[in-house]
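Q:
Numbering (the UniProt record's numbering), first residue to last: 1 to 392.
#1: Kindly list the residues whose CB is nearer than 8 Å to the CB of residue 376, restricted to its own chain and excluding five residues on each side of it in sequence; keep chain order.
#2: Would you list, in sequence order, the uninterrupted alpha helix (DSSP H) runs of no fewer than 4 residues that lie entirely inside the region 261-344?
#3: Hey, residue 251 and residue 275 are a contact pair by Cβ (cut 8 Å); roughly how many whole angstroms apart?
#4: What span of residues does the alpha helix (DSSP H) with residue 140 cover, start to end?
#5: Thinking C-beta only, is residue 123 closer than 8 Å to residue 172?
#6: Judging by CA-CA distance, which residue of 23, 22 and 34 is the nearest neighbour of residue 353?
#7: Contact check, residue 106 vs residue 265 under 8 Å by CB: the rounded distance?
#8: Residue 337 and residue 328 - do their beta-carbons sit closer together than 8 Å?
#9: Fully enclosed by the region 133-195, which beta strand (DSSP E) runs are 3 residues long or longer?
#10: Flag this pair as yes or no: are the beta carbons of residue 59 and residue 277 separated by less than 8 Å?
#11: Take every Cβ of the region 113-127, pair it with every Cβ of the region 287-299, and state whether three or more of those distances are shorter than 8 Å.
#12: Quick one: using the 10 Å Cβ neighbour count with 16 as the cut-off for buried, is residue 19 buried or exposed?
#13: Can you look up residue 255 in the DSSP assignment and give me helix, strand or coil?
#14: Helix, strand or coil: how does DSSP classify residue 350 here?
#15: Please work out which residues of its chain come closer than 6 Å, Cβ to Cβ, to residue 154, disregarding the five sequence neighbours upstream and downstream, and give them in chain order.
#16: Who are the near neighbours of residue 64 in its chain, counting only those whose CB is closer than 6 Å to its CB and skipping five residues on each side?
#17: Starting from residue 123, trace the beta strand (DSSP E) both ways and give me its first and last residue.
#18: Going by DSSP, what residues sit across from residue 92 in a beta bridge?
#19: Does the Cβ-Cβ distance between residue 282 and residue 49 come in under 8 Å?
#20: Leaving out the 5 sequence neighbours to the left and right, which residues in its chain are closer than 7 Å to residue 371 when beta-carbon positions are compared?
#21: Relative to the C-alpha of residue 219, which residue among 213, 227 and 209 is closest?
#22: Sort 212, 66, 335 and 116 by Cα distance to residue 175 and report the nearest one.
#23: Could you check if residue 12 is buried or exposed, using at least 16 other CB atoms within 10 Å of its CB as the buried criterion?
#24: How is the alpha helix (DSSP H) around residue 240 delimited, first residue to last?
#25: Could you tell me the alpha carbon to alpha carbon distance between residue 127 and residue 57, rounded to whole angstroms?
#26: Could you compute how far the alpha carbon of residue 223 sits from the alpha carbon of residue 373?
#27: Quick one: what's residue 202 bridged to in DSSP?
#28: Residues in the same chain with beta-carbon distance under 7 Å from residue 343, minus the five sequence neighbours each way, listed in chain order, please.
#29: What is the DSSP secondary structure of residue 361, counted as helix, strand or coil?
#30: Whose C-beta lies closer than 8 Å to the C-beta of residue 272 among residues of the same chain, with five residues either side of it excluded?
#31: Determine, using beta carbons only, whether residue 235 and residue 203 come nearer to each other than 8 Å.
#32: Among the candidates 237, 259, 112 and 214, whose CA atom is the shortest distance from the CA of residue 231?
#33: Going by beta carbon distance, what residues of the same chain come within less than 8 Å of residue 114, once the five residues before and after it are set aside?
#34: Whole-angstrom Cβ separation of residue 142 and residue 163, contact assumed at under 8 Å?
#35: With DSSP as the reference, label residue 356 as helix, strand or coil.
#36: Quick one: what does DSSP say residue 46 is sitting in, helix, strand or coil?
In C-alpha cells, the structure reads:
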C-alpha cells in the first residue's frame, strides 16, 4: 500500500486518457499523437552489435556502466557541450532517465533543510516522475507555472524567499516537455545564480536536446562551467530514447559532481537495475555516432515546417523551438481531446493531465499535447484534421 502522502497522487495521464476516450468510437482513421515514442529509424547496425555481444547476457552488468560506455558518454559530452568530465567519477549509465530522475531525489535530497521540510521545485506542466520523486522523499513539491507569460519556462526567482531557502532540489526540463521551450544562456545563468544564492541543486532533464530547428540548445553543464560554480551544483540527464529513436533500449546517463554521482551510484548498488551488458555495448556505439542523429533531426525539421504551415494564422500554435510535441491552445483540453477523437479519430492528450492544480488554476487546462512522432504523411493528415475540427 502507498504511504499516506501518496493518497492525493492523481492517476497517470494515459489511464486517464483511456477513461476519457475509450467508451467512444473514433470518428475516422486513428492517428495516435499521444505518446512521445519516437518512430524514426534507429541505426541499422544496432542488431549486429547486439548479436556480437549476446553472450554477455551471462554476466551481471557493471553497476555504473562499463568503462567503454562511460568513456563514450563523456566523449559525447565533450563534442556536444565542450565540457571535459572524468568518466570514472562524473557520469553513470542509467536504465532509462526516468530511473535517474527519480533516484536523484532519493540520493540527493536531505531529510530537512534549515531544520524544516525540504522543498523540491518543479515546472508545471511537467514530466510526472518529478512529482512522485518529491513525494517519495517526503519533500514539499512546489509546482511553478510555466506558461506563455513566462516563456513556457518556470520563473523560480519569483518564488517567496522562505520557499527558496527551503529548496533542496529543482527540476528543469530544456527543451521543455510538453511546450518545447528552450532555456537560453541567460535563463541558465539566472537559475544557477539562484541555486548558488539559496544553496540548492539543479536536476536538468535534457532528454530532448538533440531535436531542434537550427541552433543546438545550450546545456546546463557548459553554463555552470563558464560560471565557475561547484560541479555539484548541476546534475544533468540525457537519453538515447529521443536522440537515437531507441526508447526500448532503456539507456541514458546522469552526469554531475563526483559527490553527487557517488551517492547515486551507491543507491543503484542497493536498489537499482543496471543496463544489461549487451545493451551497454549497443549504447556505447550509439553515443559515438552522429550520422543517424542528424538524419532524424532532418526529418523532425520537415515536421516542424509542416506544423507551421498547418497552423498558420492560429495564435500560439505551430511547431516548438525544440522537441517533438505541439502544445496547442484550446478552450478546454479534455473537451477538445474528446471532440477530436469522436469527430476525427485523432488521439491527443489533454494538457491538464500533465499539470497540477495550483491556487491560480491548472496551467495545462487550456491546451492539448500532440506528439509529432508518426510518419510525415500520417502526421500531416492528423494535424490537418485537428485544425479543421478545433480551429476552423
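Every residue, glycine too, gets a C-beta built ideally from N, C-alpha and C.
A: With the given structure in hand:
#1: In the chain shown, residue 376 corresponds to position 376, counting from 1. These residues qualify, in order along the chain: 299, 302, 303 and 306.
#2: 277-287, 291-310 and 333-344
#3: As a working note, residue 251 is residue 251 in the chain shown. As a working note, residue 275 is residue 275 in the chain shown. Their Cβ separation, rounded to whole angstroms, is 6 Å, which keeps residue 251 and residue 275 in contact under 8 Å.
#4: Position 140 of the chain shown, counting from 1, holds the residue named residue 140. Not the alpha helix (DSSP H): residue 140 falls in the beta strand (DSSP E), residues 140-145.
#5: Here residue 172 is taken as the residue at index 172 of the chain shown, counted from 1. Here residue 123 is taken as the residue at index 123 of the chain shown, counted from 1. Yes, the pair counts as a contact, with Cβ atoms nearer than the cut-off.
#6: Walking along the chain shown from the start, residue 353 turns up at place 353. Looking at the Cα atoms, 34 is the closest of the given residues.
#7: For the purposes of this step, residue 106 is identified with residue 106 of the chain shown, where counting begins at 1. For the purposes of this step, residue 265 is identified with residue 265 of the chain shown, where counting begins at 1. Not really, about 13 Å apart at Cβ, beyond 8 Å.
#8: Position 328 of the chain shown, counting from 1, holds the residue named residue 328. Position 337 of the chain shown, counting from 1, holds the residue named residue 337. Taking 8 Å as the Cβ cut-off, residue 328 and residue 337 do not qualify as a contacting pair.
#9: 140-145 and 167-173
#10: To locate residue 59, count along the chain shown from 1; it is residue 59. To locate residue 277, count along the chain shown from 1; it is residue 277. It is a contact, given that the beta carbons lie within the stated cut-off.
#11: no
#12: For the purposes of this step, residue 19 is identified with residue 19 of the chain shown, where counting begins at 1. That one is exposed.
#13: Taking the chain shown and counting its residues from 1, one reaches residue 255 at position 255. The answer is strand: DSSP assigns residue 255 an E or B state.
#14: As a working mapping, residue 350 is identified with position 350 in the chain shown. Looking at residue 350 - three-state DSSP - the assignment turns out to be strand.
#15: Position 154 of the chain shown, counted from the first residue, corresponds to residue 154. The answer, listed in chain order, is 123, 144 and 146.
#16: Within the chain shown, the letter at position 64 stands for residue 64. Same-chain partners within the cutoff: 92 and 265.
#17: In the chain shown, counting from the first residue as 1, residue 123 sits at position 123. That run of the beta strand (DSSP E) goes 119-124.
#18: Here the question's residue 92 lines up with position 92 in the chain shown. Paired residues: 254.
#19: Residue mapping note: residue 282 aligns to position 282 of the chain shown, counting from 1. Residue mapping note: residue 49 aligns to position 49 of the chain shown, counting from 1. For residue 282 and residue 49, yes; Cβs fall inside 8 Å.
#20: For the purposes of this step, residue 371 is taken as residue 371 along the chain shown, with counting starting at 1. Closer than 7 Å at the Cβ level, and outside the excluded window around residue 371, lie 33, 34, 35, 36, 324 and 325.
#21: Your numbering for residue 219 matches position 219 in the chain shown. The candidate whose alpha carbon is nearest that of residue 219 is 209.
#22: Indexing the chain shown from 1 puts residue 175 at position 175. Ranking the options by Cα distance to residue 175, first place goes to 212.
#23: Taking the first residue of the chain shown as position 1, residue 12 is located at position 12. Residue 12 should be labelled exposed.
#24: Counted from its first residue, the chain shown places residue 240 at position 240. That run of the alpha helix (DSSP H) goes 240-243.
#25: In the chain shown, counting from the first residue as 1, residue 127 sits at position 127. In the chain shown, counting from the first residue as 1, residue 57 sits at position 57. Distance between the alpha carbons of residue 127 and residue 57: 32 Å.
#26: If you number the chain shown from 1, residue 223 lands on position 223. If you number the chain shown from 1, residue 373 lands on position 373. Going by the C-alpha atoms only, they are around 31 Å apart.
#27: For this step, residue 202 is matched to residue 202 along the chain shown. In the DSSP output, where bridge partners are listed per residue, residue 202 has 170 and 234.
#28: What you label residue 343 is simply residue 343 of the chain shown in a count that begins at 1. Around residue 343: 27 and 389.
#29: Along the chain shown, one-based indexing puts residue 361 at 361. The answer is strand: DSSP assigns residue 361 an E or B state.
#30: Along the chain shown, one-based indexing puts residue 272 at 272. Within the same chain, residue 272 has close Cβ partners 63, 95, 99 and 103.
#31: Working through the chain shown from its first residue, we reach residue 235 at position 235. Working through the chain shown from its first residue, we reach residue 203 at position 203. Yes, the Cβ-Cβ distance between residue 235 and residue 203 is below 8 Å.
#32: Position 231 of the chain shown, counting from 1, holds the residue named residue 231. The candidate whose alpha carbon is nearest that of residue 231 is 259.
#33: Along the chain shown, one-based indexing puts residue 114 at 114. 165 and 166, listed in sequence order.
#34: Indexing the chain shown from 1 puts residue 142 at position 142. Indexing the chain shown from 1 puts residue 163 at position 163. About 6 Å separates the two Cβ atoms, so the contact holds.
#35: Looking up residue 356 in the chain shown gives position 356. Coil at residue 356, not helix or strand.
#36: Position 46 of the chain shown, counted from the start, is the residue given in the question as residue 46. It is helical.
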